[in-house]
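The structure appears right after this line, and notes come after that.
Protein chains in written order, with my numbering: chain A, 2 to 922; chain B, 324 to 454.
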C-alpha cells in the first residue's frame, strides 16, 4: 500500500469517527468506538485487496450505511414511546389504508391552516419558489448540455480521434489524410472513422451570391454519425474518387467537381424545398457540383469548439482526397469514429495507441513530435469547456435553495412557537405526536408544492432569459427546455426542500412542553432550543451567502481584468469581412489584380484609414499551426516547436495597430515576389533569440514546401491574443500571403474613423463593382470577436452575481426576521431596561450586536468555505487568485455593512419600545 | 418496535413466546450463526459472515453494531467478561456470545428456515441436498 493510500485511510477513519456521531447517543456510546475500529480494519483490507477504486467504493458504501442506519435509529429512538413505528414500517398490512385516510385529512388541515396565515404562506412560497426556480433553470441547462445524449444514433459510441504532439505541447490536433487512412485500415475496435474539414464556400446561381458554411467529409461520414438523408442518397465511396468515372449510364454528363448534400435549411431557403434538386448541378463559386441528397431538418454537427467546425453546415461534399499521395504533414481532418460492437473506449484506445506507435516508428516526424492518438467520447469532448461553468452555477443555485429553505425553516419555527398553545392543547386532548408531526410535514409539503409550481414558472422565465443572453460557447442552447427530466428534478428539489425546512420544525412541534405552555397565560417564551436552532440556521445562511458573494466577486475581478487585457491589436473602428472568390480568379496574376483593385477601392471610401487582409481573424476560433526551429532542429527534429502561422498582406499591422517592436513589417514588393521573409511576434523572438535582436536571423519553417526551409526574420511585432482572451497565444509567425500560397483569398480588415458597421453597404458595393457574383460574408466589427470571446465569462458572471444577489437578499431577510422576532420576544426585557434608564445607544447596540455576532460567525465559516470551494472555479478566473485577499476582504466588508443595516431596523424598533406598554403586554 | 421489549430484555421468556422473536432479520440471523461457533468480536463476526456467504453478504460496521445493539437489547446476545484466546485477539476488543435464550431463538429460526427449505424441496423448487 502506498503513502497516498495510507493518508487517505487516515482521513477516512477520522471522518468516519465524526460521522458515527450521527447515531443516537445510546448506540453511539456503547458501540461507536468499536465501529470506528472495525471500519479502520476493513478500510485497510479494502485498500490492500482492491486498490484506490475499491477503497472509494467501500467508503461510499460505509457512508451510505452510516447515514441510513443513523436515520433509522433516530426514528426508533424518538418515536418509540408515542409513535407506532411499526405502522410506518409495515405498510403492506392494513396500516397503509389508515395512513392514506389520515393523509387526506392532514392535507385538508394543512390547507386551512396555511390559508389562515396568508402573509406567512406567501413569503414561504415566494422564497421556495425563487430557490427552486433558479435550480430548475440551471438544471435544464445542465440537462440539455451535459446529461442528454447527443442527437445521433447510438451517440454513446461516437468518439473523436485527436492527435497530440506531446513534444510540442499541442493538443487537439487534426489528422492528415494518410494517418486517417492508416487508422481506418488497421482499426477493428472502431467500425467507422470519418474525417471532416470545414470552410466557407461561395454559392452562386439560384439567387444572390452568398457564402455558406461548407464541409468536405469522407463518404462514410453520415453512416458513422447514423444520419440518413431525407431526400436522395447518402454518399458512396465513388463520390470521393479523385478522377471520377464517366457519369452513370455511360452518358457523357457534365464534369462535376464535387458531389454535394444540402442541409435541410439550405434546401428550403435557397431551393424552395424543391424535391427535384437531387441530381441538379449547382454553382459552387465557379465550380459545378452535383446535388445527391438532402439531410434531415435540424441536423447539426456538435464538435467541440477547439475543432473550429461550425455546428450548422449547409453544404457537404464528398472529400476528393488522394489518400495515396496526400502529404502526411498536412493535418487538417477532424475525425469522428464509432466504436465497433463489443469494443470499449479502453480497448479502442489501446488499439489507437498501437497504431500510433506504428506511425511513430515509420515516420520520424511523428516520433520527434511525440505524436499520440487520443480518443474522447464525443459528448465529453463537446462539453469539456463548459462543464466547470455549469457545475459552478449548479453549486451556486444549490446554495440559493439551501438559503431559501433555511429562511422558510426559520419562518416555520417562529410560526410554531406562536402556535405552541394550539399544539399543546391538541396534544393534551390526545392528539398523537406522530399525528402532529404529520400535520406539520403536510404543511411543509404543501408549501414546497406551491413553491415548486412557482419555481417551474420562474424557471421558464429564466430559461427565456438565458436564451436571450445567448452564450455562444454553450452548445445545444436551443435544446434547453423544461422537459420531463426538469420536472422530475423540480419534484425532487421540492421534496428535499420540504424535508430541509419542514423536519426540524415538525419535530419541535411534536414536543410542546404541555403543562408549561398552558400555564403561561398568553405569553410564549419561545423554547431556547428553538432560538439556538434559528441562530444556527442564520449562521449557515450567512456562510453560504458569503461563499456565493465571493464567487461573484472573483468573477467581477476576472471580467474587469478581461476588459483590460492588452489584445496586441486595436479592434475599435475595424470592420472585417470575407469575399468568396472561389474559382473566379484562377491565376495568381488575376488574384493579385483583384486584391490591389479592392484594396484601392476600400481605401478610397470616405472615412477609411487603411485596408489590408489577413488570416485568420483574431479570436475567431480558427488557428493554423506549423513547426519552426533553429539550426539544431536540422540534426535533432525534436527541437522543433509549434507556432501559430498567420498569413497577412502588407499593411495588416497598420490596420490592426499592432506595434512593431523591432525591424520592419512587409513591404508591398514582398507581396509580389514570394520572398522568403517572415515577421515574428515578441514571444518567438524571446524564445529563439533571447537577449538579442531577432531581426536578420533565420528560422526553419514549413508552410508550402514538403520539408522545412530557412526564412529570414525582418521584424518583430507585439504579441496578439488570438485563441482566447484568457491566455496569451502560442508564439506566432506571420507570412506574406504570396509566400504562403493563400494569395488573394484572405479575410479583409478595414479601419475607419467612424462606426465600422456603417461601412458595410459601401464595402459590398465596391466588391460587386469588381465582380457582381462575388459574395461578401461575415461582415462584422472586429470588436464583436472580442465581445464573443468575453461571452463565457460574462455568462458565468451575470448568473453567479444574480444568484449571489438573491442569496444576499434572502440572508438579509432571514437575519432581519430572526432579530425582529427576538426583539418582539424581548419587548418586556427591553421595556424594563429602558425604564431603568438604558440609553438608546445601549439598546441599539444590544440588537445590532446580536446581528453582528451571528454575521461574524457566519462570515468566518463562509470565508473558510469560500477558501476551499472557489478553487474549483479556478479555470474561470483571470489575473485573480481563487483566494484573492482583496476580494475576500471587500466582500466581507460589504456583507457586514448590509448585515448592520438589516439589524438596524429591528434595533430602532427596540429603541422605541415604550416601557409602560411593554410591561402591560 | 415490539411492545413486549421490556420483558424480553430480562431473558425470562416462556418457551411459547419464542415465535415473538421470529423471524430474525437476515443480518441478525447471520450474526447468530457466527456466534453459534463460539464467542467472537465484531471484526471476526464480519469476516466469518463474509467467508460463509462467499462474500455475498458483506456488512458495514454500522449495520453490524446496530444488529448487535438490538440483539443485546433483546437479550439474545451478551457481552462477555472473559476473553477466548484467538489469533485475532486485541485488548481493546469486546467479545460477544449467545445467551441461552439466544441459542433457543437461533435454533427456532433455523428450524423455521429448514421447514421452508423442506417445503421448497417437496415442491421441487430445490433439488435434494447434494444434487
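The beta carbon of each residue, even a glycine, is placed where N, CA and C say it ideally should be.
Return the first residue and the last residue of the alpha helix (DSSP H) that residue i is part of.
i, result
"residue 704 of chain A", "That residue, residue 704 of chain A, is in no alpha helix (DSSP H); it is neither H nor E in DSSP."
"residue 300 of chain A", "Element bounds for residue 300 of chain A: n/a, residue is neither H nor E."
"residue 590 of chain A", "589 to 605"
"residue 910 of chain A", "886 to 912"
"residue 1006 of chain A", "In the structure as shown, chain A starts at 2 and stops at 922, and residue 1006 of chain A therefore has no counterpart that could be examined."
"residue 128 of chain A", "119 to 143"
"residue 832 of chain A", "828 to 836"
"residue 843 of chain A", "841 to 870"
"residue 581 of chain A", "Taken as a continuous stretch (DSSP letters only), residue 581 of chain A belongs to no alpha helix (DSSP H), as it is neither H nor E."
"residue 764 of chain A", "761 to 771"
8 Å is my cut-off, CB to CB: does residue i come that close to chain A?
i, result
"residue 443 of chain B", "no"
"residue 428 of chain B", "no"
"residue 385 of chain B", "yes"
"residue 439 of chain B", "no"
"residue 358 of chain B", "no"
"residue 369 of chain B", "yes"
Residues of chain B with a CB under 9 Å from the CB of residue i: which are they?
i, result
"residue 72 of chain A", "In chain order: nothing, as chain B lies at least about 11 Å away."
Using the DSSP secondary-structure output, state which residues sit across from residue i in a beta bridge.
i, result
"residue 166 of chain A", "A:171 and A:372"
"residue 262 of chain A", "A:294 and A:317"
"residue 217 of chain A", "A:198 and A:318"
"residue 161 of chain A", "A:337 and A:377"
"residue 682 of chain A", "A:718"
"residue 616 of chain A", "A:648"
Strictly under 8 Å for the Cβ-Cβ distance: is residue i near chain B by that measure?
i, result
"residue 18 of chain A", "no"
"residue 12 of chain A", "no"
"residue 67 of chain A", "yes"
"residue 8 of chain A", "no"
"residue 837 of chain A", "no"
"residue 62 of chain A", "yes"
"residue 436 of chain A", "no"
"residue 43 of chain A", "yes"
"residue 91 of chain A", "Residue confidence is low: residue 91 of chain A scores 35 on pLDDT, short of 50, so the model does not pin down where it sits. No coordinate-derived value is stated."
"residue 95 of chain A", "Note that residue 95 of chain A has pLDDT 40, beneath the 50 cutoff, so the model's placement of it is unreliable and the number below is only indicative. So, not an interface residue."
Determine whether the Cβ of residue i lies closer than 8 Å to any Cβ atom of chain D.
i, result
"residue 31 of chain A", "No chain D appears in this structure, whose protein chains are A and B."
Tell me where the beta strand (DSSP E) around residue i begins and ends.
i, result
"residue 346 of chain A", "Run containing residue 346 of chain A: none in the beta strand (DSSP E); it sits in the alpha helix (DSSP H), 346 to 363."
"residue 748 of chain A", "Residue 748 of chain A -> no beta strand (DSSP E), and no H or E assigned at all."
"residue 736 of chain A", "733 to 737"
"residue 645 of chain A", "642 to 649"
Run through chain A and tell me which residues come within less than 8 Å of residue i, C-beta to C-beta.
i, result
"residue 417 of chain B", "35"
"residue 391 of chain B", "32"
Since residue i meets chain A, which of its residues come closer than 9 Å, beta carbon to beta carbon?
i, result
"residue 388 of chain B", "24, 28, 31, 32, 33, 35, 36, 39 and 70"
"residue 344 of chain B", "Ordered by position in chain A, no residue passes the 9 Å Cβ test against residue 344 of chain B, which lies about 15 Å from the chain."
"residue 378 of chain B", "The premise fails here: residue 378 of chain B is roughly 11 Å from chain A at the closest Cβ pair, so nothing lies under 9 Å."
Going along chain A in order, which residues have a C-beta closer than 7 Å to the C-beta of residue i?
i, result
"residue 365 of chain B", "35 and 39"
Pairing CB atoms from the stretch 292 to 299 of chain A with CB atoms from the stretch 185 to 199 of chain A, are three or more of them under 8 Å?
no
Answer yes if the stretch 569 to 579 of chain A comes into contact with the stretch 883 to 892 of chain A, meaning at least three C-beta pairs across the two stretches below 8 Å, and no otherwise.
no
If contact is defined by three or more beta carbon pairs under 8 Å, each pair taking one atom from either stretch, is the stretch 403 to 410 of chain A in contact with the stretch 809 to 823 of chain A?
yes
Flag this pair as touching only if the stretch 853 to 866 of chain A and the stretch 438 to 449 of chain A have three or more C-beta atom pairs under 8 Å; answer yes or no.
no
Between the stretch 281 to 288 of chain A and the stretch 198 to 209 of chain A, do at least 3 Cβ pairs fall closer than 8 Å?
yes
With contact counted as at least three CB pairs below 8 Å, one residue from each stretch, are the stretch 715 to 723 of chain A and the stretch 601 to 620 of chain A in contact?
yes
Kindly confirm or deny that the stretch 867 to 884 of chain A and the stretch 552 to 572 of chain A touch, where touching means at least three C-beta pairs closer than 8 Å.
yes
With a cut-off of 8 Å, do at least 3 Cβ pairs link the stretch 351 to 363 of chain B to the stretch 429 to 443 of chain B?
yes
Inspect the CB distances between the stretch 145 to 158 of chain A and the stretch 464 to 483 of chain A and report whether three or more fall short of 8 Å.
yes
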